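Working notes for the structure below.
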Amino acid sequence: MTTKKQVGVEEVTDALKDVYDPEIPVNIVDLGLVYGVDVDEGSNVSVKMTLTAAGCGMGPFIAQQAEWAVADVDGVNDVSVEVVFEPPWSPDRISEDGKKLLGLDD
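Residue numbers (my numbering): 1336 to 1441.
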């Protein structure tokens, strides 16, 4: 019998850094769209994320890309991606790396 390895939050977060909003050249982690990542003992992953705007037409595409990226992490059993709008996203959530990529660093 083989035992699956336990997946870590860091591995999932790293995978999410490969997902981009097609309209903004910054990954969803550095853009501040990922509000939380939970991994249970069975390596089931829940991602809570938002979009830059509630009416974002790319929302379903971005959420699907996030789900696929996490599903590709070795050891992940199941993935759930929930898109939420509370609290609303704001540019204050962009990481320092994201700000540099967008030319917003002073």
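The beta carbon of each residue, even a glycine, is placed where N, CA and C say it ideally should be. What you are looking at is a predicted structure, and each value in this text was computed from that prediction instead of being measured.
Do residue j and residue i have their beta-carbon atoms positioned less than 8 Å apart in this structure?
i, j, result
"M1384", "D1356", "no"
"G1343", "S1430", "no"
"V1416", "E1402", "yes"
"V1382", "V1405", "yes"
"V1361", "V1380", "no"
"D1432", "A1350", "no"
I need the DSSP call for residue i, collapsed to helix, strand or coil.
i, result
"K1435", "helix"
"E1346", "helix"
"A1401", "helix"
"P1423", "coil"
"A1389", "coil"
"G1394", "helix"
Which partner residues does residue i have in the DSSP bridge list?
i, result
"K1383", "G1371 and E1417"
"N1362", "Y1355"
State the Cα-Cα distance for the pair residue i and residue j, rounded to the nearest angstrom.
i, j, result
"M1336", "E1345", "Low confidence applies here, because M1336 scores a pLDDT of 46, under 50, leaving its location unreliable; read the following figure in that light. Cα to Cα, the separation comes out at about 27 Å."
"V1372", "R1428", "16 Å"
"K1327", "D1409", "The question about residue 1327 has no answer here: the residues shown for the chain are numbered 1336 through 1441."
"G1438", "E1358", "15 Å"
"W1424", "G1377", "30 Å"
"V1414", "Q1400", "12 Å"
"Y1370", "V1347", "13 Å"
"V1374", "Q1341", "9 Å"
"A1303", "P1426", "Because the chain here runs from 1336 to 1441, residue 1303 falls outside it and cannot be looked at."
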